[in-house]
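Asks: Numbering (my numbering), first residue to last: 6 to 349. Handing you this structure, nothing more for now.
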Ligand code: KG4
Ligand code: ZN
C-alpha cells in the first residue's frame with residue numbers, strides 16, 4: 006500500500022496530510038492563520054508566507070506522527086504548485102522539494118483547485134453515496150476562485166466558466182467586512198442568515214448574460230449603497246436580513262450557472278467543492294434544484310471543502326498513477342504558478 010504525504014501552503018493554512026492508497030486519510034493537520042489575519046479583515050500575503058515558514062516543519066512532523074509513519078515509509082510527496090500567493094507557495098514547494106530530494110522519492114506538483122474538485126474521492130471525502138464517475142461537472146467556489154469545470158480524469162479539468170471579477174468567497178468576506186462582521190465572513194453570514202429573510206432586500210443577480218461566467222462585484226456595490234441608504238435614513242442595519250438576502254443572491258447565481266452548465270453539456274453528475282461549498286443554503290438548494298432535473302450531486306464533506314492537504318495528497322496519488330511525478334533529478338526546474346491555468 007502506497008502512502009503519499011501532501012503539503013499545502015497556497016494561502017493562509019499551513020497543512021500536511023498523509024493519505025493511503027485507496028483514499029484513506031491517515032492524518033490531516035491544519036495550522037490556520039485566521040487569528041493572525043482577522044484583525045486586518047483579510048489575508049496579508051507577507052505575514053502569511055512568514056508564518057508558513059515558521060509552521061511548516063512542525064505541521065509535517067505532526068502529520069507523520071499522527072499517521073504513525075516515518076518519512077522512510079512515504080512513497081511520494083504531493084505539493085500545491087499553484088494557484089495561490091507567490092511567497093506562500095514558495096515555502097511549501099521548497100520544503101517539499103528538499104524532502105523529496107533528500108529521500109530520493111518522487112514529487113507530484115498539484116493544482117490547488119483541481120485538488121478541491123477531486124476531494125470527494127477521499128474515503129470520507131463526501132457526505133454520502135459513491136464518488137462520481139468521469140466525466141463530471143464541478144463547481145469550485147473558494148475565497149480566490151469561482152469556476153465551473155468539466156472534469157474528464159483526475160486533474161484533467163476544462164474551464165467552462167469563471168468569475169469575471171470577485172470570487173464567491175471574496176464576495177462573502179468583503180460583505181462581512183462592510184457590515185463590521187469578523188473575518189472570514191462566509192461562515193458568519195451563513196449563520197446569521199438563519200435569523201433573516203431572503204426577501205428583505207433585493208440585490209442584483211447577473212445571471213441572464215455572460216454564458217457560464219460569474220460576476221459578483223455589482224452585488225458587493227449594491228450592498229455598499231444599501232448600507233449608505235440605511236445610514237441616511239437613520240435605520241440600524243438589520244444584519245440578519247442583509248446577510249440572508251445577500252447570501253441568497255450569491256446562491257441564486259451559483260445554482261443558476263450550475264443548471265445552465267448541465268443543460269449545455271448534458272452531463273448529469275455535479276461536484277460542489279471549495280470553501281464556499283460549506284455554505285448550508287448552497288448545499289440545500291443545489292441538492293433540491295439539480296436533483297429535480299435528475300442531476301447526481303456530490304457534496305464535498307465540509308472538512309475537505311476548506312483548504313487542507315488531504316485533497317492535495319489525494320489528487321497526488323491519482324496523478325502518480327498517471328505518471329505525473331517528477332523524479333529527484335527533475336526538481337530543480339519546478340516552479341510555482343500564481344494565477345489559474347485553464348486546463349492541464
Ligand atoms: O477553499 P478555501 O478554504 O480557500 C481558498 O482556496 O480560497 O475557501 C475559503 C473561503 C472564504 O472566502 C470563506 O469565507 C468561505 O470559503 N467560506 C464560506 C463558508 N465557509 C467558508 N462561505 C460561505 N459559507 C460558508 N459556510
Ligand atoms: Zn482553496
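Don't be surprised by glycine CBs; every beta carbon is placed ideally from N, CA and C.
Quick check on residue 55: does DSSP put it in helix, strand or coil?
Replies: helix
Asks: Is the closest heavy atom of ligand 1 to the C-beta of residue 172 under 8 Å?
Replies: yes
Asks: Following a CB-centred definition, is residue 113 positioned closer than 8 Å to any heavy atom of ligand 1?
Replies: no
Asks: Ignore the nearest five residues each way along the sequence and tell me which others in residue 98's own chain have a CB closer than 6 Å to its CB.
Replies: 84 and 341
Asks: Within 8 Å: the Cβ of residue 74 and any heavy atom of ligand 2?
Replies: False, no ligand heavy atom lies under 8 Å from that Cβ.
Asks: How would you label residue 206, buried or exposed, when you count the other beta carbons within 10 angstroms and need 16 or more for buried?
Replies: buried
Asks: How many angstroms separate the CA atom of residue 204 from the CA atom of residue 244?
Replies: 13 Å
Asks: Could you tell me the boundaries of the beta strand (DSSP E) in which residue 167 lies?
Replies: 161-167
Asks: According to DSSP, what are the bridge partners of residue 152?
Replies: 145 and 167, per the DSSP bridge assignment.
Asks: Taking the beta carbon of residue 45 as the centre, do at least 16 other beta carbons fall within 10 Å, making it buried, or is it exposed?
Replies: exposed
Asks: In this structure, what does DSSP give as the bridge partners for residue 116?
Replies: 87
Asks: With hydrogens ignored, establish whether the beta-carbon of residue 311 is closer than 8 Å to any heavy atom of ligand 2.
Replies: yes
Asks: Any heavy atom of ligand 1 closer than 8 Å to the CB of residue 241?
Replies: Distances between the C-beta of residue 241 and the heavy atoms of ligand 1 are all 8 Å or more.
Asks: Inspect the beta-carbon positions of residue 22 and residue 32 and report whether they are closer than 9 Å.
Replies: yes
Asks: Starting from residue 19 and walking both ways along the beta strand (DSSP E), at which residues does that stretch end?
Replies: 18-25
Asks: Classify residue 151 as buried or exposed, calling it buried when 16 or more other Cβ atoms lie within 10 Å of its own Cβ.
Replies: buried
Asks: Give the range of the beta strand (DSSP E) segment to which residue 30 is assigned.
Replies: 30-37
Asks: Suppose you measure from the CA of residue 164 to the CA of residue 171; what does that come to, to the nearest Å?
Replies: 17 Å
Asks: Exposed or buried, which one is residue 124 when buried takes at least 16 other CB atoms within 10 Å?
Replies: buried
Asks: To the nearest angstrom, report how far apart residue 314 and residue 241 are at their CA atoms.
Replies: 42 Å
Asks: Using beta-carbon positions only, say whether residue 89 and residue 311 come within less than 9 Å of one another.
Replies: no
Asks: Beta carbon of residue 121: closer than 8 Å to some heavy atom of ligand 2?
Replies: yes
Asks: Report the CB separation of residue 81 from residue 9 in whole angstroms; it is logged as a contact under 8 Å.
Replies: Between the beta-carbon of residue 81 and that of residue 9 there is about 5 Å, and that keeps the pair under the 8 Å contact cut.
Asks: For a quick check, are the C-beta atoms of residue 143 and residue 255 less than 9 Å apart?
Replies: no
Asks: Can you grab the Cα-Cα spacing for the pair residue 61 / residue 92, in whole Å?
Replies: Answer to the nearest angstrom: the Cα atoms are 14 Å apart.
Asks: Exposed or buried, what is residue 230 when buried is set at 16 or more other beta-carbons lying within 10 Å of its beta-carbon?
Replies: Exposed.
Asks: Taking the runs of the beta strand (DSSP E) that are 3 residues or longer, which of them lie wholly in the stretch 263-346?
Replies: If we require 3 residues or more, the beta strand (DSSP E) runs fully inside the stretch 263-346 come out as 274-278 and 301-304.
Asks: Alpha carbon to alpha carbon, what distance is there between residue 236 and residue 129?
Replies: 47 Å
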